[in-house]
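What follows is a single structure, written as structure tokens, with notes after it.
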Amino acid sequence: MSRIGVFVCHCGLNIAKTVRVSELAEFAATLPDVVVAKDYKFMCSTPGQEMIVNDIKQHKLDRIIVTACSPLMHEQTFRKVLTASGLNQYLLTIVNIREQVSWVTHDIEEGTAKAKALLNGAVYRSRLLVPLTSRVIDVNPNVMVVGGGIAGIQAALELANTGKKVYLVEKNSTIGGHMAQFDKTFPTLDCSACILTPKMDAVLQHKNITMMTSCEVSEVKGFVGNFDITVRQKARYVDHSKCNACLACTEKCPGKGISEWDESLVKRKAIYIPFPQAVPQKPIIDKESCTFFKKGKCRLCEKACEQKAIDFEQQDTFVQVKVGAVILATGFDLMDTKPLVQYGYGKYPGVYNALEVERLFNSAGPTGGKVTLRDGSEPKSIAILHCIGSRDKNNHEHCSRVCCMYSLKFAHLFKEKTSADVYHFYIDMRAAGKGYEEFYNRIIEEDVKFIRGKGARVAQSADEPGRLVVEAEDTITGKFIKLPVDMVVLSPAIVPRADARDIARLFNLSTDKQGFFMERHPKLAPLSTMSEGIFIAGVCQSPKDIPDTVAQAYGAAAEALTIVVRDKMELEATTAMVNPASCCGCQNCVRVCPYGAPSYNAEKKVSEINEALCKGCGLCASVCPSSAIIARHFTNDQVLAEMEGLMEF
Amino acid sequence: MSFEPKILGIACNWCTYTGADLAGTTRLQYPQNLRVVRVMCSSRINPSFIFRAFQLGADGVLIGGCHPGDCHYNTGNLYARRRLAVTKKILEFSGLEPGRFRVEWISASEGNKFAEVVTEFTAQIKSLGPQTKFKISQ
Amino acid sequence: MTISFKQIEEKLKTEAKRLLESGQASVVLAYGKGYDEKHPMPYVARNPSDVANIVFNEYCNYNMARYLVRYPAGTKIAVAVKAADSRAVIQLIQEEKVKREDLVLLGIPVYGMKNPKTQEIIDGKTTGGLYNPVLYDILLGDEVHGQAIQSPYDVLAAYELMDKEARFAFWKKEFDKCIRCYACRKACPMCYCDPCFIDQNKPKWGDKSPQSHGNLMYHLTRFHHLAGRCIDCGECSRACPVDIPLYLFHKKVAKECEEMFGQAAGMSIEDKPALVNFRVDDSDKILE
Amino acid sequence: MLKKTTIDKLPELAAALMEKGTLVAPVKEDAGFNFREITDAKQVDLIFHNTIISPKSAFFPQVEDFVRYQTGKSILEAAPVELNLKPTFLFGVRPCDVKSFQIMDIHFSGTGVVDPYWQKRREATTIFGFAFDMNEAADAAEFYHTLGIGAADPEGSDIFMVRKDDILMLKVITPKGEKLMTGLSFLTDASADEIKYFDDYITKGYDYKTCYTCVDTEAIAREFEAIFDNADFWTKISDACLSCGVCTFVCPTCYCFDICDETLFSQGTRRRVWDACMFTDFTLEASGHNPRTKVYQRLRQKVCHKYSYHIRKYGVISCVGCGRCTRYCPVNIDIFSIVEEAVKAKWYKRL
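Chains as they are written, first to last, in my numbering: chain A, 180 to 828; chain B, 15 to 152; chain C, 479 to 766; chain D, 320 to 670.
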């Protein structure tokens, strides 16, 4: 016989509006082994928690059921209440009557009936719960940051400054990310390089940061506090331990590759650094464009290198890194707008995407900061088309959030650097942010023309060869417009990195509909994920501007720190175990476990589970024909009992 | 009174249960006939749970898991897919209406899919009427 | 061609004797005399002198693979296997319950075996549609050729045509007969669990008393446990004292598994049991 | 008093008995005959050899509900299940099976601890014994004659029946039978020839199909005791045994049971369910220890219980030679041949 306490939360009116909470508590009191049942306005509040603490003492409760919001929300809160009252935290059951009852119905009869059924299931289950003891493990104090953009850089610096060792993994040959491509940043128009490069340099100099450029994570093992990560160091063909960054090699190189950094607007050498302020400032060889790799002859760089750092034999290597927590800051890609043929990107030379334009403005860019068309002429009129592929149900439903602002920035820079007329084609102007509306007003006053209507088509001008015509409906006047321009700038949707899903799989993350990494909770846990010890920062979570990204980086660093600051930590105790008396030795568990936790003891003829490797999915328990495997907290009898309770009323 | 079926849902913690929460957070409305058991992974679902659910009087059983390939435990739902497919065939050959058992992959971000599936499945179970074949008569 | 049961019996005796004398096998699992000719028994020969007791006739349906797990690991066992029996051996090898190197398979190519209760010829009904062993070391006779090959699933047709109401009524009547003697699971070469799930008290999957619901739970779960593993020997049905045609249900599940997973049970020792395996490209259609 | 009727008038007799109470009689089913409560007088079928399940189920059903209870209350609510028995007529029981009731009586009432369920059912029931058809081919599995039971042995029946072609003769054996028979007015008196046929038939039954005579029970008990520890012997005997429960479930003298609490939605029933010593979990102790993990230990228990311990304790073999265990054994283990083997093994040892 157990002594169950049931605590029904109103959640203000969130629950009470469509579930008769007092009736639910009265009903609970009639259920088996329920000793006390109460309802209260906010169970998660301090008085609510105290009510539970007092009742545990007064009524000698040994099982607690909290009938409230989703367990994903407050399970931890109430577990702490149990622990504080001397009860094992696993004797708590949460009944989700908010997200899965009160919020999905308007009918109080239906809501109350369903809440009763769910509560009854919880009572049946609760009676069979057993105290579980968590495992205590040593925590590795190091952190890995994946992605060397502004988010990764900031997070790495913060953590390193606390004295923790940080591995910063970047797939490119330099850190810096997209921000290093920009010229100015909105709304303050301060120079991107001026604020970023000192940080990049700080990373390079920091004794606690191991920078791993040209690297990709290839395997993730282990669990929170003890990740064991394999990183693939891609062959650079330049031994960076020998290279003194004299860059003599780059001068001699006859190879021509396309500069990814300059968004393919210009060519670069086969041995190169992406841009002058790159960190590290040591070159790599692009195998695709290298004459030696292509033709078997050349090696001019090798001859030029006094340090003998060139190594054509270099292979990819694999480095094992052990860390306690991981921050993912893998950033974004711009949507490929070529498939949107109506905009003529890739077809008409006068159509650019936003990142290309960023490079045009940049003094270190292909044009040395001059705004010229591909033929070298200066545009006389420029159209900036917002929301290309975003806020578009046929492509990406989400708003990319920064396009309005950077488009305004573009307008300003166009005005500054050219005498062109600048037109915005927009759906709405979204300028929510500190100083943003003010920036918008300033641009309006700069004689930039705003046409409220989404650019529908970009076509070649029939009258003036070489010019383009932007077609749109001006939704203010209701008129259809055909505007001839020299240059069209597309502001495409910000989308997850092409390999975001692979990364999600590596780190066991969920992704949202667009493919951005899912946070544990959209409001209350925006930087943590469903995988313990893995945190996210920056645009890999969703489109955002630099201030927000940096803020997230600080936050993610603090989150990671909460783990690695400890020497030891407790793990979930909900692992599986084998009851040897029932094990028939079929080894199904050994065959199916994704983590290799079960093994077969041939001598005893039974399987055994290494709980340190078990993640508690319960797969082994369901393939065990003789029910010998006990999936703790989700045991067969607990699930069966819950089902029975759910189906009774 | 019209027939209000009892539907048992078994949802994985990481995708479908979270997706169900999302449906709530976004205030999507769907019928209240579904009662969800939370398990960590759809692969935890022992086929006998489903037989048992029907014996307990469930008019329908709905299983929700992560999309294949997106399993929080890498491969759990790939095993679950095979095992539950067999469960379905067994139920069918034993004479239970095949429409009473359904497996859906619903991700954590698919709150609308969750609501749609529940709405549609509930309507389907209503049209099938009460399940009496497996139900234990007391 | 016709089968000479006497000839097979002689070869079985000769080989058994040779294996026991040479020490290649310490036990020979074969068939022996029962209380009359129609009722032979499974027989274990341990000494060359035991070999005289070996018989083989059309009633020797027993799947001797069922006894393999009874012997300690490393025991050298010679086992007489007919077509379906050899598949049971393969399946047990896949499941690592026995090792190939510990076994000498005495293959028996045969047709025209009879159910002693009904005198009915069981070919095609419960032999997986095969006459020749899939795997053997020594073949006790010539391979059967020219005998009409029946699909093992032909007998299902009538049941598949039934509508769901008729199917339910059919199985309810059959399962209600069950007295829970568990002869089916005990006769099954693949049912080696001890304890069986249904014997468990925690969790209690189904009632122990032989009533409709407990019986249904026991049988459906057992069908699931044997999905992708049942090799269609039919021993469960023959063991049943109340004649529940369990083989039909097993066949149906086997057929579905073969269609869905592209693999029949016990056909190759390289296979992995279908339900503890997956392919990333398994179709979601199988859930429809 | 010998009465008679004809086989085609069997439904009439059945109907008359159904009017007086509950009729339990052999019914033809898919797999063979079984004793069932008759709902339609035409169901009764006497053209059978013997039933699959022994008629012990009439007094000791496979499932017997004892108590109904409700859980989830602070004090468990429970009420015993009352047996409301009407007069019962167990019709067409073979002589060996009738004999089995006397053996079972030892356990359910004879030791002084009376099982009320068994006792009430026994008291409410009138047994119609039914002689084997001696014109029928011998069944190789049976050996009741070896145990001294005649093929037409009326002992233990209240009314004993012999069939001669289309005629069914019924003879009162006990006062209980007589009371009933007087109420069955449509039965006619048998002729003198028929009375002679009946008496001869009973006498002839003691010689019918006899292959062994005069079993020395004391000697058998001793032989088994001597080979109890001979693991080689028992292993060989049990080589084929699957350890299933068929033999015990069809056996008329197996009486082991389990008590199960079966609960659903807080409503539960405590019931008695047949168990079998051949099941592994039969001897599984709460500690997890199991004294009989090997098949041979379980088969030895079954055989020795019937042919050794039972003799020592109660003086009689706990077997009536009905042959069901052998007939329905999936691997054709013949219990009496084990007894023969045991005796031989002993002799062999002595030499």
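Glycine is no exception: its CB is placed at the ideal position from the N, C-alpha and C atoms.
Check each candidate in A:Met822, A:Phe828, A:Glu827 and name the one with the smallest Cα separation from B:Val50.
Each of A:Met822, A:Phe828, A:Glu827 was checked against the Cα of B:Val50, and the nearest Cα belongs to A:Met822.
Need the endpoints of the alpha helix (DSSP H) that A:Tyr733 sits in, please.
Its alpha helix (DSSP H) spans residues 725-743.
On the criterion of 16 or more Cβ atoms from any shown chain inside 10 Å, does D:Ile422 qualify as buried, or is it exposed?
Under this definition D:Ile422 is a buried residue.
Taking the DSSP output, what are the residues bridged to A:Glu148?
This structure gives no information on residue 148 of chain A, because the portion of chain A shown stretches from 180 to 828.
Is there contact between the region 378-386 of chain A and the region 346-359 of chain A, where contact requires at least three CB pairs shorter than 8 Å?
Flag = yes, the region 378-386 of chain A and the region 346-359 of chain A touch.
Counting only C-beta atoms, is D:Ile478 closer than 7 Å to chain C at any point?
It does not: the Cβ of D:Ile478 has no partner Cβ on chain C nearer than 7 Å.
Could you pull out every residue in the same chain whose Cβ sits closer than 8 Å to the Cβ of A:Lys596, ignoring the five residues on either side in sequence?
So the list reads Phe540, Gly548, Lys549, Val550, once near-sequence residues are dropped.
Opposite A:Thr272 in the DSSP bridges: which residues?
The partner list for A:Thr272 (beta bridge, DSSP) reads A:Ile244.
Using beta-carbon positions only, say whether C:Leu618 and C:Phe653 come within less than 7 Å of one another.
Not a contact, by the Cβ cut-off of 7 Å.
Use the C-beta contact count for D:Pro374: other C-beta atoms within 10 angstroms, 16 or more gives buried, fewer gives exposed.
By the neighbour-count rule (16 or more Cβ atoms within 10 Å), D:Pro374 is buried.
Contact set between D:Gly564 and chain C, taken where Cβ atoms lie within less than 9 Å:
D:Gly564 reaches chain C at Ile657, Arg658, Cys659, Tyr660, Ala661, Lys664, counting residues in chain order whose Cβ is nearer than 9 Å.
Which chain A residues are close to C:Asp672, counting only those with a beta carbon under 7 Å from its beta carbon?
By Cβ distance, chain A contributes Cys763.
For a contact meaning CB atoms closer than 7 Å, what does A:Ala842 contact in chain D?
Because residue 842 of chain A is not part of the residues shown, which for chain A are 180 to 828, the question remains open.
What are the complete alpha helix (DSSP H) segments, minimum 4 residues, inside the region 390-464 of chain A?
Entirely contained in the region 390-464 of chain A, the alpha helix (DSSP H) runs reaching 4 residues are, in chain order, 427-431.
Is there a Cβ from chain C that is less than 7 Å from the Cβ of B:Gly113?
At a cut-off of 7 Å between C-beta atoms, B:Gly113 does not count as an interface residue with respect to chain C.
Would you say C:Met738 reaches chain D, if we count a Cβ-Cβ gap shorter than 7 Å as a contact?
Answer no: the Cβ-Cβ gap between C:Met738 and chain D never drops below 7 Å.
Less than 7 Å between C-beta atoms, sequence neighbours within five positions excluded: which residues of the same chain meet that for A:Gly775?
For A:Gly775, where only same-chain residues beyond five positions count, the Cβ hits under 7 Å are Leu792.
D:His426 - DSSP class collapsed to helix/strand/coil
Note: D:His426 maps to helix in three-state DSSP.
State yes or no: is the C-beta of A:Ala590 within less than 7 Å of the C-beta of A:Val581?
Taking 7 Å as the Cβ cut-off, A:Ala590 and A:Val581 do not qualify as a contacting pair.
Taking only the alpha-carbon atoms, compute the straight-line gap between C:Lys489 and C:Val506 and give it to the nearest angstrom.
Between the alpha carbons of C:Lys489 and C:Val506 lies a distance of about 13 Å.
Against chain F, with Cβ distances strictly below 7 Å, would A:Ser806 count as a contact?
Within the model displayed, chain F is absent; protein chains A, B, C and D are what it includes.
State the DSSP-derived secondary structure class of A:Lys363, mapped to helix, strand or coil.
Of the three classes helix, strand and coil, the one that applies to A:Lys363 here is strand, per DSSP.
Please list the terminal residues of the continuous beta strand (DSSP E) segment that includes A:Thr284.
It is not in any beta strand (DSSP E) - A:Thr284 carries neither H nor E in the DSSP assignment.
Pair every Cβ in the region 808-828 of chain A with every Cβ in the region 249-258 of chain A, then say whether three or more of these pairs are closer than 8 Å.
As far as the Cβ criterion goes, the region 808-828 of chain A does not touch the region 249-258 of chain A, which means the pair count is below three.
By how many angstroms is the C-alpha of D:Phe379 removed from the C-alpha of C:Ile657?
Distance from the CA atom of C:Ile657 to the CA atom of D:Phe379, rounded to whole angstroms, is 14 Å.
So A:Glu823 contacts chain D; which residues on that side make the cut at Cβ distance below 8 Å?
In chain order: Leu583, Phe584.
List, in order along the chain, the chain C residues whose C-beta lies closer than 8 Å to that of A:Asp816?
For A:Asp816, the chain C residues whose C-beta falls within less than 8 Å of its own C-beta are Lys680, Pro681, Lys682, listed in chain order.
Euclidean distance between Cα positions of C:Asn679 and C:Lys686:
Their backbone Cα atoms lie some 9 Å apart in a straight line.
Would you grab the beta carbon distance between D:Arg631 and D:Ala540 for me? Rounded to a whole angstrom, and I think it's under 8 Å.
That belief holds up - the Cβ atoms of D:Arg631 and D:Ala540 are roughly 6 Å apart, short of 8 Å.
Along the chain, which unbroken stretches of the beta strand (DSSP E) at least 3 residues long are found entirely within the region 519-590 of chain A?
Here the runs fully enclosed are 530-532, 560-567.
Name the chain D residues that come within less than 8 Å of C:Tyr521, Cβ to Cβ?
What C:Tyr521 touches in chain D, judged by beta-carbon distance under 8 Å, is Asp558, Ala559, going in chain order.
For the alpha helix (DSSP H) holding A:Gln333, just list the boundary residues, first then last.
It spans 329-340 - the alpha helix (DSSP H) in which A:Gln333 sits, taken as one unbroken run.
Kindly say whether C:Glu748, judged by its beta-carbon, lies nearer than 7 Å to any beta-carbon of chain A.
C:Glu748 has a beta carbon lying at 7 Å or more from every beta carbon in chain A.
By a C-beta neighbour count over all protein chains shown, 10 Å radius and 16 as the cutoff for buried, is A:Arg811 buried or exposed?
Around the beta-carbon of A:Arg811, 16 or more other beta-carbon atoms lie within 10 Å, marking it buried.
With 16 as the cutoff for other CB atoms within 10 Å, does A:Asn319 come out buried or exposed?
So A:Asn319 ends up on the buried side.
Please identify the residue among A:Ala488, A:Val399, A:Cys428, A:Cys188 whose C-alpha is closest to the C-alpha of A:Ser420.
Nearest option by C-alpha distance: A:Ala488.
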